[in-house]
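So the sequence shown is numbered by UniProt numbering: it starts at 1 and just counts up by one. For each residue, glycine too, the CB sits at the ideal point set by N, CA and C. Working notes for the structure below.
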Amino acid sequence: MAKRRDRRVVQSSGRRQARGDTSTQVDQFSESAASDRKLITIFVSFFIVIPAVSVLVYCIKYVPNTYRTESHAHQEGRVKTDLNYQEILSKNSKVSNNASHRQYTYPVLAYITPWNSKGYEMAKRFTNKFTHLSPVWYDLRSQGTDLILQGRHNADKGWISELRMKGDALVLPRVVLEAFPKEMLIKKKLRDKAIELIVSECKEMEYDGIVLESWSRWAAYGILRDPDTRNKALKFIKQLGHALHSVSSARSSKQPLQLVYVIGPPHSEKLQVHDFGPEDLQSLNDAVDGFSLMTYDFSSPHNPGPNAPLKWIRFTLQLLLGTTGSDAWTQAHKIFLGINFYGNDFLLSEGEWHLEDIFKSVYTFRFWWGAIIGRDYLSLLEKHKPDLRWEEGSAEHFFLYVDDENKNHAVFYPSLTSVSLRLEEARIWGTGISIWEIGQASPHTNTIQECLSRTFHGGLVALSSVLSTGLAKALTYKEALQQSTSTPASDFDASGVLDNVISFATENPTVIGGGAAILAVPLVLSQILKKPKPWGVESARKAYAVLGDDANAQLLDIERQWS
Numbered sequence: 001m002a003k004r005r006d007r008r009v010v011q012s013s014g015r016r017q018a019r020g021d022t023s024t025q026v027d028q029f030s031e032s033a034a035s036d037r038k039l040i041t042i043f044v045s046f047f048i049v050i051p052a053v054s055v056l057v058y059c060i061k062y063v064p065n066t067y068r069t070e071s072h073a074h075q076e077g078r079v080k081t082d083l084n085y086q087e088i089l090s091k092n093s094k095v096s097n098n099a100s101h102r103q104y105t106y107p108v109l110a111y112i113t114p115w116n117s118k119g120y121e122m123a124k125r126f127t128n129k130f131t132h133l134s135p136v137w138y139d140l141r142s143q144g145t146d147l148i149l150q151g152r153h154n155a156d157k158g159w160i161s162e163l164r165m166k167g168d169a170l171v172l173p174r175v176v177l178e179a180f181p182k183e184m185l186i187k188k189k190l191r192d193k194a195i196e197l198i199v200s201e202c203k204e205m206e207y208d209g210i211v212l213e214s215w216s217r218w219a220a221y222g223i224l225r226d227p228d229t230r231n232k233a234l235k236f237i238k239q240l241g242h243a244l245h246s247v248s249s250a251r252s253s254k255q256p257l258q259l260v261y262v263i264g265p266p267h268s269e270k271l272q273v274h275d276f277g278p279e280d281l282q283s284l285n286d287a288v289d290g291f292s293l294m295t296y297d298f299s300s301p302h303n304p305g306p307n308a309p310l311k312w313i314r315f316t317l318q319l320l321l322g323t324t325g326s327d328a329w330t331q332a333h334k335i336f337l338g339i340n341f342y343g344n345d346f347l348l349s350e351g352e353w354h355l356e357d358i359f360k361s362v363y364t365f366r367f368w369w370g371a372i373i374g375r376d377y378l379s380l381l382e383k384h385k386p387d388l389r390w391e392e393g394s395a396e397h398f399f400l401y402v403d404d405e406n407k408n409h410a411v412f413y414p415s416l417t418s419v420s421l422r423l424e425e426a427r428i429w430g431t432g433i434s435i436w437e438i439g440q441a442s443p444h445t446n447t448i449q450e451c452l453s454r455t456f457h458g459g460l461v462a463l464s465s466v467l468s469t470g471l472a473k474a475l476t477y478k479e480a481l482q483q484s485t486s487t488p489a490s491d492f493d494a495s496g497v498l499d500n501v502i503s504f505a506t507e508n509p510t511v512i513g514g515g516a517a518i519l520a521v522p523l524v525l526s527q528i529l530k531k532p533k534p535w536g537v538e539s540a541r542k543a544y545a546v547l548g549d550d551a552n553a554q555l556l557d558i559e560r561q562w563s
């Protein structure tokens, strides 16, 4: 027992000697703690404070504008499903004064036709709402064994000059290939001649490129069913695109001439041989700057109904772009989703009929069917004073009327609400839009001014595209037509998140690089401002210093030694 007491005394005296150096160790610990606090402050500043301030500045600068500049029609409550004809007749000419700023995130292409000359004035008035303007001017035709480009008599250089004085919209006239396709595609001499005619016209007239329409005509001739001629057709488009890209725009030596290619939507559950599909989209990716997708004319004289059902538009995009992780999906920004500014007046068959039968395609049409434009639509509203109805399945307004000969009609015409929903669909997918055509619209459906004045949150699109994988679900044609019009982003599939994150990183290297740089700053500064230390040993020393002044800790140590 005595020996154990002696050992205890010796150890206690040794501990008192160690405590003699405690003040020095505490000072060192205080200095180290202060240095650590400095490092933490730097880390918090760069990693938390600066990003938070950046987000705050963004919100202050942009988000309030979102609500301040919401479309005039939205502010007045005209974007709604329960419309009546009096509202349209009394307010169709009302537009806001914001004609100078385009707030839609993605490209906007508008067509202008000579037979609706109002479009020329609309283009000048709202030129800043567009990124691309395409006057329908040219045809490439066969002339004996040669080719000829017709349409310069339609061209108006004075109008183009006025556009360029007011804004930066690119002018790309439409060229329709009317030439006999098989002969032109097989003979290299004719292919080269076609390209030379188009490029020379762009140079001479100082265009910014062209919009080319040929696929529907090639399909009508049946040449797309043959793999060899189909490949020649794709090769011709590529050659034309590269030829245009080799020429600089007259407006800027850094801007090459552009090629936008017109493509049609599929009309069946599966892509047919003659349909333009995702493989074609990928094949033409480098040669084509944009694809004008004609998502309208869904109905026909033998199939009454809406012009462009929203579910059909969604299905078409899914069929063309695939899932969010596919290669084709990365080309969504090159798609100009078609929006019609015209409507249809269908003459229903004689006999007893019911409203729901229109949407079951029970009735055929006799005697007459035709497209109507804004002035026709307003005239029908004024004369017949119809009840406007909202068809949920297609997300379109329509009305019924009886003409002077006691014949029944069904009229489908775009409304602010229907167009607004299609703009939102385009935003979700990340596509641009193309309008056919701005000379047809009534002031009421003037989405140039109203719907395009809606601010879509471009900063949130990237995040939603990463997290929303509801769009990735492949639907059959019937499923697409049966699905509700709720946004596809409501479904969440966790299995697709990784693919979406990878896709986002691939498409946004600047964002990823900037984030990595911000994360690296604290680490670099820590190495510059403070000499590296053996953290494990240093921590043990600090703990021992504290232990030297802690009576409870000493008592525990003594009790362990006596046990």
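*By Cβ distance below 6 Å, which residues in the same chain neighbour I223 in space, the five residues on each side in sequence not counted?*
Excluding positions up to five away in sequence, the list reads P181, K182 and T229.
_Beta carbon of N340 nearer than 8 Å to that of W215_ = With respect to the 8 Å criterion, N340 and W215 are not classified as neighbours on the basis of their beta carbons.
*Do the region 279 to 294 and the region 195 to 202 make contact, defined as three or more Cβ pairs closer than 8 Å?*
A contact between stretches requires three or more CB pairs, one per stretch, nearer than 8 Å, and the region 279 to 294 fails this requirement with the region 195 to 202.
_Give me the residue from H267, E206 and V273 with the minimum Cα distance to N231._
Of H267, E206 and V273, the residue nearest in Cα terms is V273.
*Rounded C-beta distance between P309 and F412? I'm assuming under 8 Å.*
Contact doesn't hold; Cβ gap of about 10 Å is too wide.
_What does the alpha-carbon distance come out to for the pair V175 and G374?_
Near 26 Å, if we compare the C-alpha coordinates of G374 and V175.
*Per DSSP, H132 forms a beta bridge with which residues?*
Bridge partners of H132 according to DSSP: L109 and L170.
*Whose CA, out of F276, E425 and L381, lies closest to the CA of R217?*
Answer by Cα proximity: F276.
*Measuring alpha carbon to alpha carbon, tell me which of W429, T81 and H101 ends up nearest G322.*
It is W429 whose Cα lies nearest to the Cα of G322.
*asked:* Quick check on Y207: does DSSP put it in helix, strand or coil?
replied: Y207 falls in the coil class under three-state DSSP.
_Residue(s) in a DSSP beta bridge with R217_ = Paired residue(s): none; R217 is not in a bridge.
_Cutting at 7 Å between CB atoms, please list the residues of its own chain near A410, excluding the five before and the five after it._
Cβ within range, chain order: P304, F346, L348, I358, F398 and L400.
*Contacting residues, own chain, Cβ-Cβ under 7 Å from K407 (five flanking each side not counted)*: Excluding sequence neighbours, K407 sits near L347.
*Evaluate K360 with the Cβ neighbour count: other Cβ atoms within 10 Å of its Cβ, from every protein chain shown; 16 or more gives buried, anything less gives exposed.*
Unreliable positioning characterises K360 in this predicted model, as indicated by a pLDDT of 49, which lies under 50. A coordinate reading is not provided.
*What residues are listed by DSSP as bridge partners for A371?*
BP columns for A371 point to N344.
*Is the region 139 to 156 in contact with the region 257 to 272, if contact means three or more CB pairs nearer than 8 Å?*
Look at the beta carbons and you see the region 139 to 156 not touching the region 257 to 272: under three pairs across the two are nearer than 8 Å.
_Inter-residue spacing [alpha-carbon to alpha-carbon] between H333 and S379_ = H333 and S379: Cα-Cα distance of roughly 38 Å.
*Output the distance between the C-alpha atoms of P162 and P414, rounded to the nearest integer angstrom.*
Per the sequence shown, residue 162 should be read as Glu rather than Pro. Whole-angstrom Cα-Cα distance: 30 Å.
*If E396 sits next to S418, beta carbons under 8 Å apart, how far is it from one beta carbon to the other, in whole angstroms?*
Right, their Cβ atoms sit about 5 Å apart.
_What residue range does the alpha helix (DSSP H) around F236 cover?_
Looking at the DSSP string, the run of the alpha helix (DSSP H) that includes F236 is P227 to H245.
*Please report the Cβ distance between V211 and S134, rounded to the nearest whole angstrom; I am assuming they are in contact, meaning their Cβ atoms lie under 8 Å.*
Your pair V211 and S134 checks out as a contact, with CB atoms roughly 5 Å apart and the cut at 8 Å.
*Do N84 and L388 have their C-beta atoms closer together than 8 Å?*
For the pair N84 and L388, the CB atoms are nearer than the 8 Å cut-off.
*Report all residues from its chain with a CB closer than 6 Å to the CB of A243; omit the five preceding and five following residues, and keep chain order.*
Excluding five sequence positions before and after A243, the CB atoms of its chain that fall closer than 6 Å to its own CB belong to I195 and V199, given in chain order.
*When the Cα atoms are used, what is the spatial distance from D208 to H384?*
Near 45 Å, if we compare the C-alpha coordinates of H384 and D208.
*If we count the other Cβ atoms within 10 Å of its Cβ and call it buried at 16 or more, is I88 buried or exposed?*
It is buried - the Cβ of I88 has at least 16 other Cβ atoms within 10 Å.
_Classify K157: buried if its beta carbon has 16 or more other beta carbons within 10 angstroms, exposed otherwise._
That one is exposed.
*What are the partner residues of V260, as DSSP defines its beta bridges?*
The partner list for V260 (beta bridge, DSSP) reads V211 and G290.
*asked:* Can you tell me where the beta strand (DSSP E) holding I433 begins and where it ends?
replied: Here the beta strand (DSSP E) through I433 covers G432 to W436.
*asked:* Suppose you measure from the CA of I372 to the CA of D297; what does that come to, to the nearest Å?
replied: A direct Cα-Cα distance of roughly 13 Å separates I372 from D297.
*Apply the 10 Å Cβ neighbour rule to K189 and answer buried if 16 or more other Cβ atoms are within range, or exposed otherwise.*
Of the other Cβ atoms in all chains shown, fewer than 16 fall within 10 Å of the Cβ of K189; this residue is therefore exposed.
*E87, enclosing alpha helix (DSSP H) - first and last residue*: It spans Y85 to K91 - the alpha helix (DSSP H) in which E87 sits, taken as one unbroken run.
*Based on the DSSP secondary-structure assignment, which residues constitute the bridge partners of V411?*
According to DSSP, V411 bridges with D345 and F399.
_Among the candidates L293, P301 and L147, whose CA atom is the shortest distance from the CA of T316?_
Nearest C-alpha to T316: L293.
_Unbroken beta strand (DSSP E) run spanning Q150, endpoints_ = From DSSP, the beta strand (DSSP E) with Q150 extends over D146 to Q150.
*What residues in its chain sit with their C-beta under 7 Å from that of G151, if we drop five residues either side in the sequence?*
Closer than 7 Å at the Cβ level, and outside the excluded window around G151, lie W137, Y138 and D139.
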